[in-house]
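Everything on this sheet refers to the single structure shown next.
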Amino acid sequence: MIRKYGNYALVLALLVFSFACKTKNDVEAFKEAEYSLQSVDRVEVNGVNLLQKKSPQDFSFSEAAKLFSAFSDNNLNATSTLGLNVALGEGQEDRTMTVTQLKWQLLVDDQQAMSGLVSEPVELRNGLNTVTLRSPLKLTEENGHPNLNNLLQLATLLNQDKTARPKVTLQIKPTIQTSLGPIELPSYINIKE
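Sequence positions in the sequence shown follow full-length UniProt numbering and run 1 to 193.
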């Protein structure tokens with residue numbers, strides 16, 4: 001009888017070990033992948049399409065009022081559609097990953113300008129992924145308050161010529177769904193432009 005339970009325990013231990021190995025391999029594959037931003041097809045903040053804005057003068061009075069009101073209440077929300085290329089290593093091409101939560105931050109000249117959290121699941125695979133993300137925005141504060149000029153600068157930054165704009169870095173920190181449950185990567189991953 002003890003031997004029978006011992007055999008069940010051994011089989012259970014082998015199953016747990018195999019799931020743990022697969023989970024580790026999945027996490028490592030996506031942690032070591034190269035991520036590059038291929039396109040930004042849509043960026044809206046509280047319903048205002050920022051891709052149509054090249055300067056502060058391009059904002060209508062109602063758009064500026066809408067953004068200022070949301071900014072004053074610290075209630076900014078973004079919706080964006082991105083073309084994200086994921087390049088997994090050789091032999092990893094058939095893997096997929098479900099991101100259950102995605103922390104992100106935008107750095108301008110290596111200083112954090114804004115951050116957010118995407119809490120809707122996103123499925124990633126090797127190759128080009130078209131991803132629509134919805135996220136609340138948190139602007140970096142100065143003297144305890146977000147700066148409206150920073151918001152307008154960030155809004156027009158998207159349409160500036162790459163040679164004229166400052167260094168912009170998008171970083172992500174995904175939580176990946178695995179066979180053992182969700183696992184958050186320990187550090188941010190830079191997205192290449």
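In this text, a Cβ means the ideal position worked out from N, Cα and C, and glycines have one as well. It should be emphasised that the depicted structure is a prediction, and the values quoted were computed from it without experimental measurement.
Item	Value
Separation of leucine 84 from leucine 180, as counted between CA atoms	26 Å
Start and end residues, beta strand (DSSP E) containing lysine 66	Taken as a continuous stretch (DSSP letters only), lysine 66 belongs to no beta strand (DSSP E), being part of the alpha helix (DSSP H) at 61-72.
Buried or exposed (CB count within 10 angstroms, at least 16 for buried), glutamate 142	exposed
Status (buried if at least 16 other CB within 10 Å, exposed otherwise) for threonine 178	buried
Segment limits, beta strand (DSSP E) that includes asparagine 143	Where asparagine 143 is concerned, there is no enclosing beta strand (DSSP E), given that its DSSP letter is neither H nor E.
8 Å Cβ cutoff met for leucine 82 and leucine 133	yes
Cβ contact (3+ pairs, closer than 8 Å) linking the region 51-70 and the region 94-109	no
Cβ-based neighbour list, serine 119, same chain, cut-off 6 Å, excluding 5 preceding and 5 following	Gln101
Lysine 31, DSSP secondary structure in three states	helix
Leucine 170 classed as buried or exposed, judged by whether at least 16 other C-beta atoms fall within 10 angstroms	buried
Span of the beta strand (DSSP E), counted from its first residue to its last, around leucine 84	76-87
Beta-carbon spacing of valine 86, leucine 37 below 8 Å	no
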